[in-house]
Each structure stands twice: as C-alpha cells, then as structure tokens.
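The structure appears below as structure tokens.
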Amino acid sequence: MKSSEIREYKSPDELLVALDEDINELRKLLADNLRKLEDMRRRVDQQKLIKQTLQKIFPQYRAAEPRNAIELREAQLVIGPTVEQEIEAMEEVLDLMNRKLNILLSIRKELEVLSQYKSSLRIVVYYFDGIPRRIHISY
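For the sequence shown, this note's numbering assigns the number 46 to the initial residue and increments by one for each residue that follows.
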C-alpha cells in the first residue's frame, strides 16, 4: 500500500476485501516487527549485564551517553545508533502501526453495513498514510 493514493472499487464487497487484505498485511508486518523488537531487547539486556560486570571489575569504567543524534526539521539523524536508540525507534513505529491497524479495523467494521447492497456502486477511496480518509459512493 502506498502512502497516499486513490483506489476505485465496483462494490462494497470489493472494498471490504481490500480492507481485509490491508489489515492482514499490517498484522503480519506488526508481528514480524514485534519479533525483531524482542530480539533487540534481549541484546540490550545482555549489554547491561556486560556493563555491570565491567563496572564491578573496573570501578572507573563509565559508559558515556552517545551524542550521535542530529535534529532535522521533521526527523532525527542518528549516526551509529545504540541498541537502545534502535528500540526506541522501533517502539514508535510499532505504536503507529498498531494505531493504524485499529483505525482500519474500525473503518472496516463500520463499512460492513454496505455489504447488503449488491447493486453496482462506484466507490472511490482516498487514502492518506494507508488509511481511508474519504470514501465517495455513487450509483
């Protein structure tokens, strides 16, 4: 699914099938990224144990906070990200994906009532960030 697009459907059922496909694709992507996040969290736990061990052996050891982020207008440029920074970014993405999934599920549920109309309809859906923002129905 593209970020912004216009799709046309010939029936409410066709629209619902397309929404189901988008929902299933998003669920799969969300599950894959959740697995990646868990792997990243395990790496952080291992790094914490190593740092604690080093601090016990070498009391003078102190891990410096990274200063590797540059703020851009609408984004952040991170050079050599730490695992913690990667986790933070992944959590933000997963949160947005989860919100998007909930919106799609809600829209799909509300549009189910249209499936009772079997006549030919012209349905034009205007998507923004993969979410239907406007749905035009004409007959």
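Glycine included, each C-beta is placed from N, C-alpha and C at the ideal position.
**OP:** Could you check what DSSP says for ALA114 in three-state terms: helix, strand or coil?
**Re:** As a working note, residue 114 is residue 69 in the sequence shown. Strand.
Original post:
Is DSSP giving ARG167 helix, strand or coil here?
Top reply: For the purposes of this step, residue 167 is identified with residue 122 of the sequence shown, where counting begins at 1. It is a strand residue.
Original post:
Helix, strand or coil: which one does DSSP assign to GLN121?
Top reply: As a working note, residue 121 is residue 76 in the sequence shown. In this structure, GLN121 counts as strand in the three-state DSSP scheme.
**OP:** Assuming ASP58 and SER160 form a contact by the criterion Cβ under 8 Å, report the distance between their Cβ atoms to the nearest whole angstrom.
**Re:** Taking the sequence shown and counting its residues from 1, one reaches residue 58 at position 13. Taking the sequence shown and counting its residues from 1, one reaches residue 160 at position 115. Right, their Cβ atoms sit about 6 Å apart.
Subject >> Nonlocal neighbours in the same chain, by C-beta distance under 6 Å from ARG167, ignoring five residues either side >> reply: As a first step, residue 167 must be located in the sequence shown, where it is residue number 122. The residues are SER183.
Original post:
Taking the DSSP output, what are the residues bridged to PRO126?
Top reply: For the purposes of this step, residue 126 is taken as residue 81 along the sequence shown, with counting starting at 1. Partner(s): none; PRO126 has no beta bridge.
Subject >> Paired residues, beta bridge with GLU53 - DSSP >> reply: As a position in the sequence shown, residue 53 is number 8, starting the count at 1. DSSP lists VAL169 as partners of GLU53.
**OP:** May I ask you to verify whether the region 171 to 181 touches the region 47 to 54, counting CB pairs closer than 8 Å and requiring at least 3?
**Re:** yes
Original post:
Using the C-alpha atoms, what's the distance from ARG179 back to GLU129?
Top reply: Within the sequence shown, numbered from 1, the residue matching residue 129 stands at position 84. Within the sequence shown, numbered from 1, the residue matching residue 179 stands at position 134. Cα-Cα distance, rounded: 38 Å.
Original post:
Which residue spans inside the region 67 to 107 form an unbroken beta strand (DSSP E) run of at least 3?
Top reply: none
Subject >> For PRO126 and LYS93, the rounded distance between their alpha carbons >> reply: As a position in the sequence shown, residue 93 is number 48, starting the count at 1. As a position in the sequence shown, residue 126 is number 81, starting the count at 1. If you take the alpha carbons of LYS93 and PRO126, they lie about 16 Å apart.
Subject >> Where TYR54 falls, given that 16 or more other Cβ within 10 Å makes a residue buried >> reply: The residue labelled residue 54 in the question sits at position 9 within the sequence shown. TYR54 comes out buried.
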